[in-house]
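J.: First, the structure itself, so that you have it in front of you.
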Amino acid sequence: MPLTGKQRRHLRGLGHHLEPVVIVGQSGVTEGVIAAVEQALHDHELIKVKINEGPEDRHEAAKKLAEGTGSELAQLLGRTALLFKKRDEDSKFEKL
């Protein structure tokens with residue numbers, strides 16, 4: 005289910021102080037990167053991903069990450085993407 009504007013704004017506020025937990029290198033979005041992002045989303049639900057120069061531009065890379073992990077892209081600011089995927093059980097974002 006896509007996020008509404010109000011939900012995105014709330015997530016951007018929560019994600020402001022987060023540090024990137026995954027860095028996409030010059031190889032781009034690979035299966036290994038997608039697996040690392042999936043694990044981080046499972047652990048934290050809301051994560052930042054740093055996208056460095058690679059074969060695809062930052063918009064394509066962020067879209068690939070969101071599609072590959074089944075998450076929502078809450079924000080793309082510069083080379084940093086904020087991704088969100090709510091857990092089915094024991095979520096910190098029940099009200100969202």
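Converting from the sequence shown to the working numbering requires adding 4 to each position, the first position being numbered 1.
C-beta: ideal position from N, C-alpha, C; glycine also.
In its own chain, which residues sit with a C-beta less than 7 angstroms from the C-beta of residue 82, not counting the 5 before and 5 after it?
T.: Taking the sequence shown and counting its residues from 1, the one referred to as residue 82 is at position 78. Nothing meets the Cβ criterion.
J.: If we cut at 9 angstroms on Cβ distances, does residue 33 have a partner in chain C?
T.: Note that chain C does not occur in the displayed structure, where there is just one protein chain.
J.: Starting from the Cα of residue 95, find the closest Cα among 50, 86, 78 and 61 and give me that residue.
T.: Here residue 95 is taken as the residue at index 91 of the sequence shown, counted from 1. The shortest Cα separation from residue 95 among 50, 86, 78 and 61 belongs to 50.
J.: Helix, strand or coil for residue 73 per DSSP?
T.: As a working note, residue 73 is residue 69 in the sequence shown. DSSP places residue 73 in helix when its eight states are reduced to three.
J.: Rounded to the nearest angstrom, what separates residue 25 and residue 55 at their Cα positions?
T.: As a first step, residue 25 must be located in the sequence shown, where it is residue number 21. As a first step, residue 55 must be located in the sequence shown, where it is residue number 51. When rounded, the distance between both Cα atoms is 11 angstroms.
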